[in-house]
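*Asks:* These protein sequence lines map, in sequence, to chains A and B. Per the numbering used here, numbering of the first sequence is gapless, rising by one per residue and ending at 1305. Per the numbering used here, numbering of the second sequence is gapless, rising by one per residue and ending at 251. All residues carry an ideal CB built from backbone N, CA and C; glycine is no exception.
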Amino acid sequence: MKLGIFARRSAATVALLAVLYGADALLTHTVNPYIYDIIIRIGITIVLAVSLNLINGFTGQFSLGHAGFMAVGGYTAGAITYHLGPHWLAAAPFPEPAAQVCLFVFALLAGAVAAALAGLVIGVPSLRLKGDYLAIATLGFGEIIRVMIINVDQLLATSRPVAERNDFMFIGGAKGLSGIPHYSNFFWVYLAAVCVVLMVRNLVHSSHGRSFIAVREDEVAAGAMGIDTTRTKVLAFVIGSAWAGIAGGLHGHFIQGLYPNDFTFLQSIDIVVVVVLGGTGSITGSVVTAGLLRIIENVLRTFPGAATVLYLFVLGGAWVSYARFRARRVVWILQFSFFAVVLTVLLVVGHDWIQSRIAFLRGVLYALLLILLMLNRPQGLLGKSELTIAGVRRLFARVTTRKAA
Amino acid sequence: MPLLQMKGCTIRFGGLTAVSNCNLALESRELVSVIGPNGAGKTTTFNMATGVYRPTEGRVEFDGRDITGMSPHRIARLGIGRTFQNIRLFKEMTVLDNVRTSCCASAGYTVPDSVFRTGRFESREREIETESHRLLDLLELDRWSGETAKALCYGDQRRLEIARALALHPKLLLLDEPTSGMNPTETHAVTQLVAFLRREFDLTILLIEHDMSLVMSISDRVVVLDGGVTIAEGKPEAIQRNPKVIEAYLGEPGE
């Protein structure tokens, strides 16, 4: 008997939830907290990068304000669980875990709605701008949001009697809002990641998605083909912002606090880097790069990690020089060994020096890596294409047949 | 009642009057060509009719409605399709998607429909796809439907632009130099294509063209612009003999 579409989808949803729940249980018991932390951060970065890709990559509207929308969503969700949470949990008609889930989902959705509204308010005027101008406007709006968050407590406190002003706290201002319950875990973060990937994929392969891409490709032509370009841009901006808001909520309920300095424009740029490196207009590119960059960032924290990355540099550089300049194999091997030996000597001799300056070197190496990647693959890791199982199989087949030939 | 009527349309960019007092009326199913030397204001006239520019003075009416200053997408949805002088395809999209994109105005499903892949989404998408393939087939482009638009050769790109405009189901089609950069054989093919599309879709066509063989063979009427001013209008044969037109094209008679 053939299952109806509804039954099939319900089954798939249940299976997905079960897998995520199982993986969550497995991970909390097997991996150490440091690794678990990285895995969660990767998940949050995926949500941010894929949603930004909808704006920057598919619709071609260069936004630098993603951290601002993340902050709006995060603070909305955080304020809800912080202020309303205890009352709700005390009064809820069902057991604590279920009440918690309801509270968290509600807070996240409220954060998404708040961020979407912020996206609408900011998007309508600024999406008239193009290119660099839009980037600057969104960057400015992102900063405005952050500065508002810093000052909103002081502003609200003025309505209180003088004696109470010092103790007044709503969202914590510059000190940050700490003491948010720890609700985010692997299950919720990766559920959001799966949802954003599916949503963006489904949108892109629809008339809405074709409108997004058409606006990116040629706005005048898009208008002449009956596409409401303003509405299309605002739609992408609002959907992207909503997901940034959810990511903010997940972030706040993971590190159990929200701090204005986590939402500076550097955070926005960090997400843009993931999108551009992965390929603007490639969902899987964003996903892969989100994982890669978070891992590299953390690997660079220790001496062996940094050394490994350096070796990979040499290896990658050698491969590029071999492929690009078609060097003779003997020359190439000699060069490669020479650099490897020099590097090894440097690492051994300079071990203590490097160890003491690892934080500084980490920044240099990370930046160097980004520059090298952009020089060699300006279109990003995956360009505009997607990583599919069939594609990987084809690539694999090509590599193996080339060896055989 | 004319399908498209421009009444006293003037447009100024700063101190430059690009088109002054343009009066143009297109009857239904008519094919009118606009000719004139470079910089005469032909494309600007197109842009006023399609909402890219708002005329400084004057009115544009389409199908009995005032469309002056209306945004381009609304005008397009009312039934004016166009192509561009410098090809403006969605280069990174496939040939099929280029055509499907302009069916979007009437896609008839909402964002939740596409996110949750509802039945309405599936059936509308199937319709759009069938329709797009039909159009591509008609313009002999269907075998390229999976290629990116930028991979097509020049002539095919021009035809794809026409296919994309037709996907809007326009009543009026504006073609901006459909044969620019083509050799005589290709130009002849375009002439036949335009005549064919006109019959097939019951189209009213406004054509900007430099190739006189094409203009004289298929136009019902010809409008001649020079320096933003309409200097002549009439049947092709009359235009060919009009001294003002000859002067505009060949310069003043020798001393």
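1. Between which two residues does the beta strand (DSSP E) holding Leu22 (chain B) run?
2. Any chance the region 1107 to 1126 of chain A sits against the region 934 to 948 of chain A, with 3 or more Cβ pairs inside 8 Å?
3. What residues from the region 24 to 48 of chain B come within 9 Å of chain A, judged by C-beta to C-beta, listed N to C?
4. Quick one: what does DSSP say Ser1078 (chain A) is sitting in, helix, strand or coil?
5. Restricting to Cα atoms, I'd like to know which of B:Gly247, B:Leu156, B:Leu199, B:Gly223 is closest to Val28 (chain B).
6. Starting from the beta carbon of Gly1118 (chain A), find every residue of chain B whose beta carbon is closer than 7 Å, and list them in chain order.
7. Taking the CB atoms as reference points, tell me whether Ser67 (chain B) and Gly47 (chain B) lie closer together than 8 Å.
8. Note down, in chain order, each residue of its chain lying with its Cβ closer than 7 Å to the Cβ of Asp109 (chain B), except the 5 sequence neighbours on either side.
9. When you check each C-beta in the region 914 to 931 of chain A against every C-beta of chain B, which residues fall closer than 8 Å?
10. Can we say the region 1116 to 1135 of chain A touches the region 970 to 990 of chain A, given the rule of at least three CB pairs closer than 8 Å?
11. Starting from the C-beta of Val95 (chain B), find all residues in its chain whose C-beta is less than 7 Å away, skip the five residues before and the five after it, and write them out in chain order.
12. Within a Cβ cutoff of 7 Å, which residues of the same chain sit near Gly922 (chain A), ignoring the five residues on either side of it in sequence?
13. Looking only at DSSP bridge pairs, what is Asp172 (chain B) linked to?
14. Would you kindly work out how many angstroms separate the C-alpha atoms of Glu123 (chain B) and Thr106 (chain B), rounded to a whole number?
15. Assuming Phe1163 (chain A) and Ala967 (chain A) are in contact, meaning their beta carbons sit under 8 Å apart, how far apart are those beta carbons, in whole angstroms?
16. What is the C-beta distance between Leu927 (chain A) and Ile939 (chain A), in whole angstroms, given that I count them as a contact (C-beta under 8 Å)?
17. Counting contacts by CB-CB distance shorter than 8 Å, is Met2 (chain B) in contact with chain A?
18. Determine, for Ala1136 (chain A), whether the minimum Cβ-Cβ distance to residues of chain B falls below 8 Å.
19. If we cut at 8 Å on Cβ distances, does Arg1110 (chain A) have a partner in chain B?
20. Less than 8 Å between the beta carbons of Phe1213 (chain A) and His1251 (chain A), yes or no?
21. I'd like the span of the beta strand (DSSP E) that includes Gln1 (chain B), first residue to last.
22. Report all residues from its chain with a CB closer than 6 Å to the CB of Ala1218 (chain A); omit the five preceding and five following residues, and keep chain order.
23. Using DSSP with H/G/I as helix, E/B as strand and the rest coil, what is Phe58 (chain B)?
24. If I'm right that Ala1206 (chain A) touches Arg1262 (chain A) with Cβ under 8 Å, what's the distance once you round it to whole angstroms?
25. Closest to Glu88 (chain B) by CA distance: which of A:Ala1114, A:Val1134, A:Ile942, A:Val914 is it?
26. Would Leu1091 (chain A) count as contacting chain B if we go by Cβ distances under 8 Å?
27. Based on the DSSP output, what are the partners of Thr90 (chain B) in its beta bridges?
28. Kindly indicate which three-state DSSP category Arg1294 (chain A) falls into: helix, strand or coil?
29. Touch check for the region 1180 to 1199 of chain A and the region 1277 to 1294 of chain A: three-plus C-beta pairs under 8 Å?
30. Kindly indicate if chain B contains any beta-carbon less than 8 Å away from that of Asn1102 (chain A).
31. Excluding the five sequence neighbours on either side, which residues of its own chain have a C-beta within less than 8 Å of the C-beta of Thr144 (chain B), listed in chain order?
*Replies:* Quick look at the numbers:
1. 12 to 22 is the span of the beta strand (DSSP E), which, as asked, contains Leu22 (chain B).
2. Flag = no, the region 1107 to 1126 of chain A and the region 934 to 948 of chain A do not touch.
3. Sequence-ordered contacts of the region 24 to 48 of chain B with chain A read Thr46, Gly47, Val48 [C-beta pairs closer than 9 Å].
4. Three-state result, Ser1078 (chain A): strand.
5. Looking at the Cα atoms, B:Leu199 is the closest of the given residues.
6. A small fix is needed here, since residue 1118 (chain A) is Asp in this sequence, not Gly. What Asp1118 (chain A) touches in chain B, judged by beta-carbon distance under 7 Å, is Arg84, Phe86, going in chain order.
7. In this structure, Ser67 (chain B) places its C-beta atom within 8 Å of the C-beta atom of Gly47 (chain B).
8. Cβ neighbours of Asp109 (chain B) beyond the five flanking positions: Arg116, Phe117.
9. Those residues of the region 914 to 931 of chain A that come within reach of chain B (Cβ to Cβ, closer than 8 Å) do not exist; the list is empty.
10. Not touching, per the Cβ criterion.
11. Correct list, in chain order: Ser128, Leu131, Leu132, Ala159, Arg160, Ala163.
12. Hits under 7 Å: none found.
13. Answer is B:Ile204.
14. The straight-line gap from Cα to Cα measures roughly 16 Å.
15. Contact flag correct, Cβ pair sits at about 4 Å.
16. At roughly 7 Å, the Cβ-Cβ gap stays under 8 Å, so Leu927 (chain A) and Ile939 (chain A) are in contact.
17. No, because no Cβ of chain A sits closer than 8 Å to the Cβ of Met2 (chain B).
18. Taking Cβ atoms only, chain B never reaches closer than 8 Å to Ala1136 (chain A), which makes this a no.
19. Under the 8 Å criterion on CB atoms, Arg1110 (chain A) is classed as interfacial with respect to chain B.
20. Judged by beta-carbon spacing, His1251 (chain A) lies beyond the 8 Å limit of Phe1213 (chain A), meaning their Cβ atoms are not closer than that value.
21. Per DSSP, Gln1 (chain B) belongs to the beta strand (DSSP E) from 0 to 9.
22. Answer for Ala1218 (chain A): Phe1236, listed in chain order.
23. Strand, per DSSP.
24. Taking a contact as a CB-CB distance under 8 Å, the pair Ala1206 (chain A) and Arg1262 (chain A) counts as one, their CB atoms being some 7 Å apart.
25. Nearest option by C-alpha distance: A:Ala1114.
26. With 8 Å as the cut-off, Leu1091 (chain A) does not count as an interface residue toward chain B.
27. Per DSSP, B:Thr144.
28. Of the three classes helix, strand and coil, the one that applies to Arg1294 (chain A) here is helix, per DSSP.
29. Contact between the region 1180 to 1199 of chain A and the region 1277 to 1294 of chain A is present, because at least three Cβ pairs lie under 8 Å.
30. Contact of Asn1102 (chain A) with chain B is assigned, a C-beta pair being separated by under 8 Å.
31. If we look at Thr144 (chain B) and ignore the five residues flanking it on each side, its Cβ neighbours are Lys87, Glu88, Met89, Thr90, Val91.
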